[in-house]
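If you number the sequence shown the way the numbering used here does, the last residue is 188 and the count never jumps. For every residue, glycine included, the Cβ atom is placed at its ideal position computed from N, Cα and C. Step one of this worksheet: look at the structure below.
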Amino acid sequence: MIPPRKVKFEAGKREHENIEFRTFLKCNADEQTLDEQFAKLHKELFENYDCSRCRNCCKMYYGAIPQEDIEADAKYLGLTKEELIGAYLREQPEGGSYTTKHKPCDFLEEDGSCRLGECRPKSCKQYPYTDQPERLHSLYSVLEAVEVCPVAFEIYERLKKEYGFGYRR
Ligand code: SF4
Ligand code: SF4
């Protein structure tokens, strides 16, 4: 597996090839088979990966906290809703959701854990979404994750091999 610090650089080197493979999948892959391939690789690779040693997703994005999580998150941290928002969050211009004030995410602890524990947002639990359905229609989201997440990077490389997609490096 590629070290977390090298993902962005290595994905950058493969940018053209990765976009071409997206087009290849769009034209050739069966939707259900592709979902099964993604899900299998996701399970296999995450089972043996310790995310607390990476945390690229928490470092490279703002945390995104939906409105419906605010009450539970505040309770979990022993704060009022107002204290939680004032200390950590910024409301999105369109309203209804919040991001953390800073990137890396304000809830990322030094040891790589999340201060919100099991209360962390669903989107964080699901990231990089490689086991979610309809990947064929979300390949740009996969390409984005490939630039951040070592596991998503490895999944995409393995899929290239499974499809016999030619390397041009
Ligand atoms: S989900 Fe991906 S980017 Fe996030 S910590 Fe785990 S391996 Fe790293
Ligand atoms: S809320 Fe937690 S899991 Fe989500 S980005 Fe912030 S530190 Fe990471």
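| Check | Outcome |
| --- | --- |
| Straight-line gap, serine 132 to alanine 58 (C-alpha atoms, nearest Å) | 25 Å |
| Counterpart residues of serine 116 in DSSP-defined beta bridges | Pro85 |
| Backbone CA spacing between leucine 103 and alanine 93 [nearest angstrom] | 6 Å |
| Option nearest threonine 42 by Cα separation, candidates Pro147, Ser142, Leu158, Pro112 | Leu158 |
| Complete runs of the beta strand (DSSP E) confined to the segment 38 to 98 [at least 3 residues] | 83 to 85 |
| Environment of glycine 114 [buried if 16+ CB atoms lie within 10 Å] | exposed |
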